[in-house]
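In my numbering, the protein residues as written are 2 to 954.
Each residue gets a CB set at the ideal place from its N, CA and C atoms; glycine is no exception.
Shown next, in structure tokens, is the structure this report addresses.
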Amino acid sequence: MDVKKFLTGGCVVALVVVLTLSAIAMPVSARTVASGDTVFDYEEGLDLSSFVMNGDLFAQYQYDDVSYGQEYAFRVDNAADLDLVQIDLAGHYGTYYLHQNSAPTVEKIYIRDPSVSLDAVLDVDRSASIDGGTVSRNSRIAFVLDAPEVGTFLPTATVRIKLTTPDGATTTQIAGTSLTGIALDCPKVYVTGLDVGEMEDGTYTARAEWESPRGFNDYADNSNIVTFKVATVGTTIETDRERVIRGNPFVVRITGDAKTCYNLYIEDAGDAAYPFISPAQPGVIMTEGAFSGAADAAADTRANDERACAGDIYVSGTAATVATDATGTRVIEFATNASTSDTVYTLTVVNTGDATAADSVQVTVEKGKVTLAAKGTSHSVGDEIVFTGTNTDSDDVYLFLTGPNLGDGRGVSPNDVTGMASWGHYACRCVESDGTWEYRWASPCCGAVLSAGTYTLYAAGTCTDADGYWVDAGHLDGVIYDACSFELKDPTLVAGTSGEEVAQGDCFTITGTATGSPDCVLVWMLGNNYNLLGYTATVGEDGTFTFIVERADTAYLSPGNYSVIVQHPMKDGMFNVRPATQVEIEEAMATGRLHNPTYFVIRDAVGNLIDLGKLSASGNVAALVNALDSPNCDDIHADCVVTIEEPRISVDEIGERPVGDRFVITGTTNLAEGNVLYVDVAAANSSVASGTATVVGGEDGGNEWSFEIDTSAFAPGTYTVCVESVNIDVQQTATFTVSGSVPCTLRLRPGNSTVAVGGTETLSVVLDRAPQGLSGFEITVDLTETGAAEIVKVDLPAWAGLAKTGDLPADTLTIRAADLNDMVTPGACEVTLCTLSVRGDAAGSTGIAISPRTVESDAWSRYAPQTEDGLLEVIAIHAFPHPEGGFYPIPTDPDGDGRYEDLDGNGWTGFNDVVLYFNGMTFIEKSQPCGAFDYDTSGFIGFNDVVELFRSI
């Protein structure tokens, strides 16, 4: 619904006289409308009589298709004077088809929503909106009214522009130009030439409001609001940075009048290589020749006198004509490079229309820096060294190296030390966008074998010095550079084994560190009838290596000492001593240098073949070491000895332990840490406990193992512990004794209870634990006070066989049963031996004693259980008080379950019993046996008992 129409419509009746007089005083001229014409919501006096009859209907259809459903419709009461103000279209704008005689025709009209939008622009560039921006006092503005439909179909409509000033006042004129009665006689209307020079500084808002027709003025939405600021704007130039490292750009911002041209230039700085204006920037026209054509000739004269020159020629790229945008600003980028002189530059801007409107800013261009650092503090010949650094002076760094015996002493390329820096040979690296660079140098890849010593790496920002020479250690004038000295050491080798003593069948590792970045080391292991010749172990990036001697290798080694030798290839990466190849062996045999060789032939540094298999254990070690220590061999080696022993496991003395004791079986072994042992504890060849133990290092250097055991389920007797290795054929046994009896208890559940006279109570005889299982039992249950109660029933569990209970009822009863199917397993807890039903015969109490004759386990032993006697209190049932005086009959137990549900004694359970219970809960707690009225077996009288009694009805 149109809210404006609704609110106004509410006043139609009350003001009918006024409206009638107004209509007489201000008649609305009729607009003739033909079929197919466009009209607007809120129009009045529309004459459609040429094709519409009074009472006809206009309807809008889905998809503008009469074959679809109607969206909206209205009836025409007076075809010669249609008033759309009186019709609420509810936003349904579009095509309306005429209905005559209840059927649609081809006749139609288009109903639109009258709308107009407003913008404020610069008068000199009407595409430049100042909405949300600032306009200088020197500018003229224009308003743009955009009403494409109204301007096309209703050109008589008018609007006014209402301007709100900074102090909140409103006006409809600017500098004497009226902003009222603006006819929207075309789709886009301009109100131009508005001089803001006399307006006060501040923020203004403007809005177009409808004036005519009257319905638009009353109901149609006005335009959007436009906001702009009027300010006194001077000419300024600012930079985003006052100091710039050459090679980086900087930006200046010119602020002045909108859409105005300015001369921008760098003032002359003498003999310098200047920054330059980056090309292809919007609003910037490069000026290579003299400035000319300015409205104020003095602006050109000043710029041409001050701008940068090289002799009589203006320096290219240092000047331009710049046009500000609608906001009065323009941003211009200047670029620098490695050739830009490091000095202070003055940038000046002059308004071409007023030479006095000018400003300057200074920018200092500085040389960049080159930095260099090496990662790590200790390096060996052959290592990869990572150099990192920064370069803020150029896009590349040029690297050269000085050190012992390198080139002419002034530097060589680290990539190829045969190329000298004085000839222009460098390692070059590009600088990343963040100004950093990295160089990874591996000395084995530099074209020669380097000596140990001190080296210096230079990083320069250019490859030529100030005199044009190639940059080297002797030509660094005018060069931005840095240097880093570092020491290269000869490679080193350290090796060792995971243990000095190793059990046969156990694996061990040979580990160590080899500096100098070799790809691998050779591992030799020599001893009694065993030769492991030159197996390779890969060296990792961190210089460490690991070689595993597997279980299968040590299993067949004889006990004794074995020499382990690890060989490093040194700087050339070549193993000078190595196992001989088959070709070498065959050639030596053919020339008579080798006869009947074994499988253990090696080649020394000069090509001689040595058959270690024909030497003694000590002789083959000496032969290998002599070959490695030869002056012809530059390799280094590290030696160690490992002793192979027969595997052994020991078990520490255990002694005698009481039943139920928890303790740890311990022992020692020469098996390596991490080995898994299987531990089994048995009695009479039957395992009672087993598991695994892991070998760990001991405090005294030996290795240990441990296994925790719990004897709670053990019968007294002698036990054997067997400990054996999972992977190696070795075991050890030991024995210990378990003495005493297994602690356990026989008790009643519940221990103390109450029963009413004539009622029954259920009691269970429970064995709290059977750690060794249960084979059978014989117990006696005795009610110690005669006459109070009797045992009337015995229930035995499902596992109880061969049961015998005696005659019932009885005060004393012997019960016997056996677990024939081993259903009560070792470790069982809370084992019910039997369940007794005890009837209360007379008020009083009686003890209940349990006497075990025998309780036997599955381990051919007897338990010696302690006993806990119970107490049964027999209470007489009392009659409930009657609300009218006296008492009800004595309560009864209709279903014989020991619970008295018939509280009023009438022989059956009904709602009166529930009421009696609810009202008499305090009476029951004080005067009745709790068990006789505890229906939910909770042990106390409560509301849940009321619920249970109600459910039982």
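inquiry  = Give the list of continuous beta strand (DSSP E) stretches no shorter than 3 residues that lie fully inside the region 104–163.
reply    = 104–113, 118–123, 126–130, 135–137 and 141–147
key: Whole-angstrom distance between Ser-858 and Asp-948, CA atom to CA atom   = As a first step, residue 948 must be located in the sequence shown, where it is residue number 947. As a first step, residue 858 must be located in the sequence shown, where it is residue number 857. A quick correction: the sequence has Val, not Asp, at residue 948. Distance between the alpha carbons of Val-948 and Ser-858 is about 46 Å.
Alpha-carbon spacing of Tyr-73 relative to Asp-222, whole angstroms = Your numbering for residue 73 matches position 72 in the sequence shown. Your numbering for residue 222 matches position 221 in the sequence shown. When rounded, the distance between both Cα atoms is 22 Å.
message = How far does the alpha helix (DSSP H) with Asp-306 in it extend, from its first residue to its last?
response = Counted from its first residue, the sequence shown places residue 306 at position 305. Element bounds for Asp-306: 298–307.
task = Please classify Lys-376: is it buried, with 16 or more other beta-carbons within 10 angstroms of its beta-carbon, or exposed?
result = In the sequence shown, residue 376 corresponds to position 375, counting from 1. Lys-376 should be labelled exposed.
query = Can you tell which of Gly-497, Val-642 and Arg-604 has the C-alpha that lies nearest to the C-alpha of Tyr-563?
reply = For this step, residue 563 is matched to residue 562 along the sequence shown. When only C-alpha atoms are compared, the closest one is Val-642.
Where the beta strand (DSSP E) containing Ser-619 begins and where it ends = Taking the sequence shown and counting its residues from 1, the one referred to as residue 619 is at position 618. Run containing Ser-619: none in the beta strand (DSSP E); it sits in the alpha helix (DSSP H), 618–629.
inquiry  = Taking contact to mean 3 or more Cβ pairs, one atom from each stretch, closer than 8 Å, check whether the region 728–740 and the region 695–705 are in contact.
reply    = no
Between the CA atoms of Met-526 and Ile-566 - distance to the nearest angstrom = Indexing the sequence shown from 1 puts residue 566 at position 565. Indexing the sequence shown from 1 puts residue 526 at position 525. Spanning the two alpha carbons is a distance of roughly 6 Å.
inquiry  = Quick check: what's the CA-CA separation for Thr-910 versus Glu-902?
reply    = For the purposes of this step, residue 910 is taken as the residue at position 909 of the sequence shown. For the purposes of this step, residue 902 is taken as the residue at position 901 of the sequence shown. Roughly 6 Å between the two C-alpha positions.
request  = Could you please give me the residues that DSSP links to Phe-919 through a beta bridge?
outcome  = Along the sequence shown, one-based indexing puts residue 919 at 918. Partner(s): none; Phe-919 has no beta bridge.
query = If you check the beta carbons only, do Tyr-456 and Ser-486 fall under 9 Å apart?
reply = Position 455 of the sequence shown, counting from 1, holds the residue named residue 456. Position 485 of the sequence shown, counting from 1, holds the residue named residue 486. Going by C-beta atoms, Tyr-456 is nearer than 9 Å to Ser-486.
query = Does the Cβ of Met-421 have 16 or more other Cβ atoms within 10 Å, making it buried, or fewer, making it exposed?
reply = For the purposes of this step, residue 421 is identified with residue 420 of the sequence shown, where counting begins at 1. Met-421 comes out buried.
ask   = What beta strand (DSSP E) runs, 3 residues minimum, are completely inside the region 502–578?
value = 502–504, 509–515, 521–528, 531–539, 545–550 and 561–569
For Asp-202, the three-state DSSP class (helix, strand or coil) = Sequence index remark: in the sequence shown, residue 202 carries index 201 (1-based). In the structure shown, Asp-202 sits in coil (DSSP, three-state: anything other than H, G, I, E or B).
request  = Mind checking which residues open and close the beta strand (DSSP E) that includes Gly-454?
outcome  = Looking up residue 454 in the sequence shown gives position 453. From DSSP, the beta strand (DSSP E) with Gly-454 extends over 454–461.
request  = Determine, using beta carbons only, whether Asp-730 and Gly-506 come nearer to each other than 9 Å.
outcome  = Within the sequence shown, numbered from 1, the residue matching residue 730 stands at position 729. Within the sequence shown, numbered from 1, the residue matching residue 506 stands at position 505. In this structure, Gly-506 lies closer than 9 Å to Asp-730 by Cβ.
key: Completely contained beta strand (DSSP E) runs for the region 822–868, where each covers 3 or more residues   = 829–841 and 845–857
inquiry  = Which of the three DSSP states is assigned to Leu-595 in this structure?
reply    = Position 594 of the sequence shown holds residue 595. Three-state result, Leu-595: coil.
inquiry  = Classify Lys-927: buried if its beta carbon has 16 or more other beta carbons within 10 angstroms, exposed otherwise.
reply    = Counting from one through the sequence shown, the residue named residue 927 turns up at place 926. Exposed: under 16 other Cβ atoms inside 10 Å.
message = Which of the three DSSP states is assigned to Ala-273 in this structure?
response = Here residue 273 refers to the residue found at position 272 of the sequence shown. Residue state, collapsed to three classes: coil.
ask   = Distance, Cα to Cα, Gly-56 vs Pro-105?
value = To locate residue 56, count along the sequence shown from 1; it is residue 55. To locate residue 105, count along the sequence shown from 1; it is residue 104. Each residue's alpha carbon lies about 14 Å from the other.
query = DSSP state of Cys-931, grouped into three classes?
reply = If you number the sequence shown from 1, residue 931 lands on position 930. Correct three-state label for Cys-931: helix.
task = Could you have a look at Ala-359 and say whether DSSP puts it in helix, strand or coil?
result = Position 358 of the sequence shown, counting from 1, holds the residue named residue 359. Correct three-state label for Ala-359: strand.
query = What residues match up with Asp-796 in a beta bridge as DSSP calls it?
reply = Here residue 796 corresponds to residue number 795 of the sequence shown, with the count starting at 1. Paired residue(s): Thr-836.
request  = Using 10 angstroms around the beta-carbon of Lys-109, count the other beta-carbons present and answer buried if the total reaches 16, otherwise exposed.
outcome  = Within the sequence shown, residue 109 is the residue found at index 108, counting from 1. By the 10 Å Cβ count, Lys-109 comes out buried.
key: Cβ neighbour criterion (16 or more within 10 Å) applied to Phe-941   = For the purposes of this step, residue 941 is taken as the residue at position 940 of the sequence shown. Exposed, since its Cβ has fewer than 16 Cβ neighbours within 10 Å.
task = Find out if the Cβ-Cβ distance for the pair Glu-818, Phe-881 is shorter than 9 Å.
result = For the purposes of this step, residue 818 is taken as residue 817 along the sequence shown, with counting starting at 1. For the purposes of this step, residue 881 is taken as residue 880 along the sequence shown, with counting starting at 1. Reading off the sequence, residue 818 comes out as Ala, not Glu. Not a contact, by the Cβ cut-off of 9 Å.
ask   = Leaving out the 5 sequence neighbours to the left and right, which residues in its chain are closer than 6 Å to Lys-189 when beta-carbon positions are compared?
value = Numbered from 1 along the sequence shown, position 188 holds the residue referred to as residue 189. Here the set comprises Asp-147.
key: Gly-718 - partner residues in DSSP beta bridges   = Taking the first residue of the sequence shown as 1, we reach residue 718 at position 717. Gly-718 is bridged to Val-739.
task = List the DSSP bridge partners of Thr-498.
result = Here residue 498 corresponds to residue number 497 of the sequence shown, with the count starting at 1. Ile-511, per the DSSP bridge assignment.
inquiry  = Quick check: Glu-791 and Arg-840, are their CB atoms within less than 9 Å of each other?
reply    = The count along the sequence shown starts at 1 and reaches residue 791 at position 790. The count along the sequence shown starts at 1 and reaches residue 840 at position 839. For Glu-791 and Arg-840, yes; Cβs fall inside 9 Å.
request  = Output the distance between the C-alpha atoms of Glu-674 and Gln-733, rounded to the nearest integer angstrom.
outcome  = By one-based count along the sequence shown, residue 674 stands at place 673. By one-based count along the sequence shown, residue 733 stands at place 732. Whole-angstrom Cα-Cα distance: 18 Å.
query = By the 10 Å Cβ neighbour count, where 16 or more other Cβ atoms means buried, how is Pro-283 classified, buried or exposed?
reply = Walking along the sequence shown from the start, residue 283 turns up at place 282. Classification for Pro-283: exposed.
message = Quick check: the Cα distance between Phe-292 and Gly-354, rounded to an integer number of angstroms?
response = Looking up residue 292 in the sequence shown gives position 291. Looking up residue 354 in the sequence shown gives position 353. About 13 Å.
request  = Assign Trp-909 to one of three DSSP states: helix, strand, or coil.
outcome  = For this step, residue 909 is matched to residue 908 along the sequence shown. Residue state, collapsed to three classes: coil.
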